[in-house]
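Numbering (the working numbering), first residue to last: 545 to 737. Every residue gets a Cβ at the ideal spot worked out from N, C-alpha and C, and that includes glycine. These numbers were taken from a predicted model, which means no experiment stands behind them. First comes the structure, then the notes that go with it.
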Ligand code: 5GP
């Protein structure tokens with residue numbers, strides 16, 4: 545319970561409306577799309593166990609929803625990488641902050657990512673996991689920005705292509721906040737400029 549009596553489940557973009565510019569994807573649209581993505585992944589991985597590798601912290605929501613919408617046998621592991629500092633621009637350097645506990649040798653790996661912007665983080669991760677001898681490495685990302693369309697990284701499963709704005713919600717943060725928004729919204733420029 546919050547002080548004003550609302551439950552966590554009631555928290556949505558309305559509660560922080562003054563911080564946000566506009567909602568671009570509602571919670572309902574996200575959950576419908578996750579179910580479609582899960583069905584496609586199940587069909588593509590039929591008969592094979594898949595290792596879902598979630599990229600912390602942003603992918604916690606999509607990992608949680610996608611994995612529960614899937615019917616394939618799956619295991620989950622997590623990596624934490626850093627390409628962004630405390631701000632809205634990529635630093636351009638990817639560092640592993642937390643590595644997998646699973647050996648990916650001969651495993652079918654599906655990287656689960658919140659958003660692809662420049663594609664830098666993902667291209668690093670894909671090459672890194674292939675280098676460890678994974679049988680296959682594919683990517684599922686909930687959101688993709690236009691810049692990612694011109695990078696070499698192949699994202700097999702995409703939730704939504706979105707405009708080139710800084711967005712928050714559904715796991716995506718700004719300085720640690722807003723991850724618990726159910727909707728995804730463009731952060732108001734007055735919050736960081
Ligand atoms: P890339 O390496 O593709 O440029 O960036 C990927 C990472 O940057 C994402 O996993 C996410 O953490 C962060 N990122 C990129 N765009 C956004 C955005 O619009 N909002 C938030 N909150 N994070 C973003």
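{"query": "Assuming the contact rule is C-beta atoms closer than 8 Å, residue 710 and residue 693 should be a hit. Round their C-beta distance to whole Å, please.", "result": "About 18 Å; that fails the 8 Å criterion."}
{"query": "State the start and end residues of the unbroken beta strand (DSSP E) segment that holds residue 705.", "result": "701-705"}
{"query": "Among 683, 584, 676, 708, which one has its Cα closest to the Cα of residue 690?", "result": "708"}
{"query": "Cα-Cα, which of 727, 733, 736 is closest to residue 573?", "result": "727"}
{"query": "Kindly indicate which residue of 638, 612, 620 has the alpha-carbon position closest to the one of residue 626.", "result": "638"}
{"query": "Please work out which residues of its chain come closer than 6 Å, Cβ to Cβ, to residue 681, disregarding the five sequence neighbours upstream and downstream, and give them in chain order.", "result": "653, 670, 673, 674"}
{"query": "When every heavy atom of the ligand 5GP is checked, does at least one fall within less than 7 Å of the C-beta of residue 716?", "result": "yes"}
{"query": "Is DSSP giving residue 552 helix, strand or coil here?", "result": "Low per-residue confidence applies at residue 552: pLDDT is 47, beneath 50, and the placement is therefore not dependable, though the value from the model is reported in the following sentence. Residue 552: helix per DSSP, three-state reduction."}
{"query": "For the segment 601-625, list the alpha helix (DSSP H) runs that are entirely contained and at least 4 residues long, ordered along the chain.", "result": "604-613"}
{"query": "The ligand 5GP and residue 661: does any heavy atom of the ligand fall closer than 7 Å to the residue's C-beta?", "result": "yes"}
{"query": "Roughly how many angstroms separate the alpha carbons of residue 563 and residue 605, rounded to a whole number?", "result": "21 Å"}
{"query": "I'd like to confirm the pairing. Which residues does DSSP put opposite residue 688 in its beta bridges?", "result": "660, 705"}
{"query": "State the beta-bridge partners of residue 642 as determined by DSSP.", "result": "624"}
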